[in-house]
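Asker:
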Amino acid sequence: MTHTTENSMTVTWTAPGPGQWALDRSHLPPGCTALVQSLMLATEPAAMARVFADLGAPVETLSVAFVNGHMYTRMRPLIAPDKPATKLPPTWLLRIATRVHPEMRRRARSAGRTLKTSPWTDVIHDWNNGGKAAIADGNLALQAPVLADLDGEVLMEHVRACWANCLKGWDHHFWLHGYDLGPLGRLLHECEAWHLDALEVLPLLQGSSPSTSGPGREALAIREAVAAAGAEPATLAELRAVSAEVAAALDRYLQEKQWVLFSRYDIDGVALGERPEMVLATIMDARDRDQREEVLAKTALIRERVPVEHRAEFDSLLASAREAMDLRDDNGPVTAEWPLGLLRRALLAVGERLTPEDRELALELRDDELLGSLAELPAHDELLRRRELRSAQRRLEAPWLLGPAELAPPLEALPTTLASLVAIVQTVVRHLGMDGDATASGLHGVGVGSTTYRGTARVAGSPEEALDRLQPGEVLVVACTTPAYNLVLSLAGAVVTAAGGPMSHAAVIARELGIPAVIGARRALVDIPDGAQVEVDPVEGLVRVL
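Numbering that gives the first Met the number 0 numbers the first residue of the sequence shown as 0 and each following residue consecutively.
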């Protein structure tokens with residue numbers, strides 16, 4: 000498929016390999032930087048291959064590719080991955096093949112252990128008992144140097160250290176997803192058998208993620224201290240000057256947040272510390288959002304609909320999913336968005352010396368170029384050309400699917416344990432909005448919440464643009480969000496995204512913060528005018544322009 004853009008840029012949309020590839024807009028933005036493309040390619044497939052083998056999923060990995068700056072994924076089969084079947088053999092023959100193939104037999108044993116022992120329990124325990132803290136300490140060590148004081152050689156060494164930290168962190172990030180998404184997928188899969196829809200079950204996880212609600216509680220404590228002092232700070236400096244207590248609380252609040260990228264998974268996104276006015280607004284608008292009683296009531300109603308003989312299993316699965324939910328939301332900011340923010344910080348310091356008139360051009364560097372000295376880096380014009388190419392790629396309308404449909408073996412052809420793992424993986428991919436499904440359209444999507452909200456739409460092609468202008472109570476309309484959005488999303492009265500599913504970060508954060516949302520309304524950025532009055536109806540999963 001070939002397409003010519005308005006500025007005469009000709010692009011071809013071709014599958015990047017055998018099989019069918021689905022567009023993923025819920026993670027990386029279109030036209031993402033070369034460094035983040037390299038980071039994704041170097042980490043996600045390898046990490047997912049390990050976790051699939053560990054858990055016993057009968058797939059090789061989740062493959063990643065970039066086509067014209069847009070991210071596509073493919074679930075890579077374990078058998079003959081580069082020769083997708085155009086016609087499936089008879090089911091009886093597939094049953095034999097999946098039981099005699101050596102790797103399939105190993106995976107079946109691993110899957111049996113996974114379903115029996117729930118290995119995520121130990122992983123979550125390790126994360127909460129030293130694992131997270133060790134990663135945070137490494138991030139803080141890279142955050143400590145005053146970069147302006149470093150000479151050129153030491154600065155480039157620091158950049159390379161930040162890049163290595165990203166590679167290590169992102170690899171761990173994706174590996175952990177097997178253990179934070181696994182319990183969620185298993186809960187939703189089993190609930191489907193009990194005729195419970197994911198949109199009914201996922202709200203039962205509200206309040207289970209302290210990492211999402213935690214920043215709000217910290218901000219609320221600062222706000223209450225400010226109110227007790229009778230102060231009305233208009234700037235972050237004035238906030239800090241309220242009292243020594245407030246200044247110390249603000250320092251604690253920012254220590255592990257100021258270089259976390261909150262707007263996108265890319266180094267051209269913005270870290271919270273770069274937006275002092277956003278920090279101030281988030282703190283001064285902090286509210287108590289305790290929903291425990293409501294969640295308990297919803298849980299009791301849903302539990303009544305579970306067959307009596309399965310209620311103990313439901314209780315266990317829900318408890319595991321609630322534990323995993325906190326890891327899922329803790330994982331991203333600590334292992335991915337903070338390391339990426341530190342890399343951004345280091346590259347901006349390079350830019351101040353390389354292209355002082357436009358320091359963000361240094362974000363266009365490639366991973367192999369980080370090995371050289373400052374003097375060996377590309378010149379201004381080349382970096383500008385790369386940025387302009389990415390800008391053009393952002394405006395492209397990418398196909399949702401590339402390549403011919405793949406024929407997957409029916410689940411009944413697999414050994415029971417493998418069939419169960421495949422069903423869980425499929426459930427996760429579907430509810431993350433990563434399967435290329437086109438059931439959502441226009442301003443319809445997945446609703447989160449039960450209360451309709453009316454307000455002014457704050458629409459932007461980039462999250463930074465929206466958040467620069469977002470006023471408390473407005474409806475935030477963006478392509479997608481990251482877990483770090485919980486640092487600022489409390490400002491919004493409602494949220495609309497163009498991508499994602501009921502388990503995407505945007506949906507999770509909206510549920511945790513009690514904000515009405517419509518997720519995956521594909522034409523949100525096109526059909527909703529900035530500044531328009533809109534109605535966000537989460538029950539119907541619909542946004543109406545008034």
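Ideal Cβ placement from N, Cα and C applies to all residues, glycine included.
What residues in its chain sit with their C-beta under 6 Å from that of residue 217, if we drop five residues either side in the sequence?
Answerer: Taken in chain order, the residues that qualify are 252.
Asker: Find out if the Cβ-Cβ distance for the pair residue 165, residue 400 is shorter than 8 Å.
Answerer: Taking 8 Å as the Cβ cut-off, residue 165 and residue 400 do not qualify as a contacting pair.
Asker: Does DSSP put residue 480 in a helix, in a strand, or in coil?
Answerer: If DSSP states are grouped into helix, strand and coil, residue 480 belongs with coil.
Asker: Helix, strand or coil for residue 29 per DSSP?
Answerer: Residue state, collapsed to three classes: coil.
Asker: Less than 8 Å separating the beta-carbons of residue 180 and residue 501?
Answerer: Cβ distance not < 8 Å, so residue 180 and residue 501 don't count as in contact.
Asker: Between residue 449 and the rest of its own chain, which residues show a CB-CB distance below 7 Å, the 5 nearest in sequence each way excluded?
Answerer: Counting only Cβ-Cβ distances below 7 Å, and skipping sequence neighbours, we find 537, 538.
Asker: For residue 103, tell me which candidate among 124, 79, 87, 116 has the shortest Cα-Cα distance.
Answerer: The shortest C-alpha separation from residue 103 is found at 79.
Asker: DSSP on residue 518, reduced to helix/strand/coil?
Answerer: Strand.
Asker: Secondary structure at residue 444, three-state DSSP: helix, strand or coil?
Answerer: Coil, per DSSP.
Asker: Helix, strand or coil: which one does DSSP assign to residue 404?
Answerer: Three-state result, residue 404: coil.
Asker: What are the boundary residues of the beta strand (DSSP E) that includes residue 20?
Answerer: First-last of the beta strand (DSSP E) with residue 20: 20-22.
Asker: Which whole-angstrom value is the C-beta distance of residue 488 and residue 508, which I expect to be below 8 Å?
Answerer: With a Cβ gap of about 6 Å, residue 488 and residue 508 count as contacting.
Asker: Report the residue ranges of all alpha helix (DSSP H) runs contained in full by the segment 368-403; include only those spanning at least 4 residues, in chain order.
Answerer: DSSP runs (the alpha helix (DSSP H)) wholly in the segment 368-403: 379-393.
Asker: Rounded to whole angstroms, what's the CA-CA distance from residue 528 to residue 464? Just pull it up for me.
Answerer: Rounded to whole angstroms, residue 528 to residue 464 spans 14 Å at the Cα level.
Asker: Within the continuous alpha helix (DSSP H) that includes residue 62, where are the two ends?
Answerer: Counting along the chain, residue 62 falls outside any alpha helix (DSSP H), though it belongs to the beta strand (DSSP E) covering 58-66.
Asker: Quick check on the DSSP output: the beta strand (DSSP E) that includes residue 76 runs from which residue to which?
Answerer: Where residue 76 is concerned, the enclosing beta strand (DSSP E) stretches over 69-76.
Asker: Rounded to a whole number of angstroms, what is the C-alpha to C-alpha distance between residue 437 and residue 20?
Answerer: Legend: pLDDT at residue 437 = 49, less than 50; position of this residue unreliable, value from coordinates given subsequently. Roughly 14 Å between the two C-alpha positions.
Asker: If we count the other Cβ atoms within 10 Å of its Cβ and call it buried at 16 or more, is residue 542 buried or exposed?
Answerer: Counting Cβ neighbours within 10 Å, residue 542 comes out buried, since at least 16 surround it.
Asker: Excluding five sequence neighbours on each side, which residues of the same chain lie with their C-beta closer than 7 Å to the C-beta of residue 26?
Answerer: Cβ neighbours of residue 26 beyond the five flanking positions: 70, 264.
Asker: Should residue 446 be labelled buried (16 or more other beta-carbon atoms within 10 Å of its own) or exposed?
Answerer: By the neighbour-count rule (16 or more Cβ atoms within 10 Å), residue 446 is buried.
Asker: Could you name the residues that DSSP lists as bridge partners for residue 555?
Answerer: As shown, the chain starts at 0 and ends at 545. That puts residue 555 outside it, with no answer to give.
Asker: Leaving aside the five residues before and after residue 480 along the sequence, list all residues of the same chain whose C-beta is less than 6 Å from its C-beta, in chain order.
Answerer: Result list for residue 480: 504, 505, in chain order.
Asker: Does the Cβ-Cβ distance between residue 146 and residue 258 come in under 8 Å?
Answerer: Cβ atoms of residue 146 and residue 258: not closer than 8 Å.
Asker: For residue 192, which beta-bridge partners are listed by DSSP?
Answerer: Paired residues: none, contrary to the question.
Asker: Going by DSSP, what residue range makes up the alpha helix (DSSP H) through residue 365?
Answerer: No alpha helix (DSSP H) holds residue 365; DSSP gives it neither H nor E.
Asker: Return the Cβ separation of residue 361 and residue 347 in integer angstroms, given the expectation that the two are a contact with Cβ distance under 8 Å.
Answerer: With a Cβ gap of about 7 Å, residue 361 and residue 347 count as contacting.
Asker: Could you tell me which residues DSSP puts in a beta bridge with residue 534?
Answerer: In DSSP, residue 534 forms a bridge with 453, 543.
Asker: Alpha carbons only, please: which of 205, 470, 242, 308 is nearest the one belonging to residue 278?
Answerer: The shortest C-alpha separation from residue 278 is found at 470.
Asker: Using only CA atoms, which one of 32, 408, 112 lies nearest to residue 58?
Answerer: Per the Cα distances, 408.
Asker: Tell me whether the segment 386-397 and the segment 138-156 touch, counting them as touching only if at least three CB pairs, one residue from each stretch, are closer than 8 Å.
Answerer: Not touching, per the Cβ criterion.
Asker: What does the alpha-carbon distance come out to for the pair residue 385 and residue 32?
Answerer: If I take the Cα positions, the gap works out to 9 Å.
Asker: Between residue 476 and residue 367, what straight-line distance do the alpha-carbon atoms span, to the nearest angstrom?
Answerer: Cα to Cα, the separation comes out at about 36 Å.
Asker: Which one of 154, 330, 355 has the shortest CA to CA distance from residue 174?
Answerer: When each option's Cα is compared against that of residue 174, the closest is 330.
Asker: What span of residues does the alpha helix (DSSP H) with residue 245 cover, start to end?
Answerer: Here the alpha helix (DSSP H) through residue 245 covers 243-254.
Asker: Which residue wins for smallest C-alpha separation from residue 372, given the options 153, 101, 355?
Answerer: Of the listed residues, the one whose Cα sits closest to residue 372 is 153.
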